[in-house]
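Here it is in structure tokens:
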């Protein structure tokens, strides 16, 4: 809320068809409100609450609007990142890294800026095999995740996108930590989807590393989570990973299962992902 509170205040004010003059007070002028809305200054909590009062908006209401705003920004970033990866858009990924690194340099106290840069670097490393993530960056992600007591969507998203950068011992430790956060994803559909995708990535990375016992551990855990029709994409990827596991275990029929999953995804519009999966199958 603090990063965008002025911008969000303007959105709320304008949605109520109120001018700055209408919410100004002897304690706070129109020019102060303008500077706050433009991100040029901050306000004391008393002045901020006074503005909310003058707009007949409770703090809870404002917080809810702010959460939705911040989530939409974060959602846009994640979708752009996913699209860039699916399209193998190296130029866009490089630009995203520069964007987050520059923001991190200007705001070193905001850990998520540096973390976002490392996540994008990790995604780029899946396309450019020679691109390496620094050990200090791996440690930064690991320490962040282990020091957050209550994980939210962001932490699961970060882990799900960085599983490939950790050593086996670190991956086991972080996997245990994620499984223990089951309160986060038991009852909320969006949270469950993010958790499922994270565990699918754990399955895939252990298969890549030929550790079938660890891969089977996550396959069994995912099956226990009950991936129903509400999670169609995740269910297809689960079948793909199971096919991969069967193939690694010596069953040629596993490849057929993998191809069936890729065909299904293409049929329902995931052509970029289907193409990437077929390349993966070809290289087995």
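Numbering (my numbering), first residue to last: 5 to 288. Positions of the beta carbon are idealized from the N, C-alpha and C atoms, including for glycine. No experiment lies behind these values; they were computed from the predicted model shown.
Between residue 145 and residue 109, the C-beta spacing is not below 8 Å. The alpha carbon of residue 234 has as its nearest neighbour, out of 28, 197 and 244, the alpha carbon of 197. Sequence-distant partners of residue 113 (beyond 5 residues in either direction) whose C-beta falls short of 8 Å from its own C-beta are missing from its chain. With contacts defined by Cβ atoms closer than 8 Å, residue 32 and residue 56 do not form a contacting pair.
Residue 90 has no beta-bridge partner at all, per DSSP. Contact between the region 257 to 269 and the region 217 to 227 is not established, with fewer than three Cβ pairs separated by less than 8 Å.
Residue environment analysis places residue 157 among the buried positions, since at least 16 neighbouring C-beta atoms fall within 10 angstroms of its C-beta. Residue pairing by DSSP places residue 32 opposite 29 in a beta bridge. Within the same chain, and ignoring the five residues on either side of residue 142 in sequence, the residues whose Cβ sits closer than 6 Å to its Cβ are 169.
Within the model, the alpha-carbon separation for residue 63 versus residue 10 is close to 14 Å. Spatial neighbours of residue 29 in its own chain (CB-CB distance under 7 Å, excluding positions within 5 residues in sequence) are listed in chain order as 54 and 58.
In the DSSP annotation of this structure, the continuous segment of the alpha helix (DSSP H) that includes residue 201 starts and ends at 193 to 212. Sixteen is the threshold: when 16 or more other Cβ atoms of the shown chains lie within 10 Å of the Cβ of residue 17, as they do, the residue is buried. In the DSSP assignment, residue 160 falls within the alpha helix (DSSP H) that extends over 157 to 166. For residue 124, the secondary structure class from DSSP, reduced to helix, strand or coil, is helix. Residue 118 is classed as buried because its beta carbon has at least 16 other beta carbons within 10 Å across all chains shown.
Shown here, residue 240 sits in a helix according to DSSP, grouped into three states. Between residue 262 and residue 251, the CB-CB gap stays under 8 Å.
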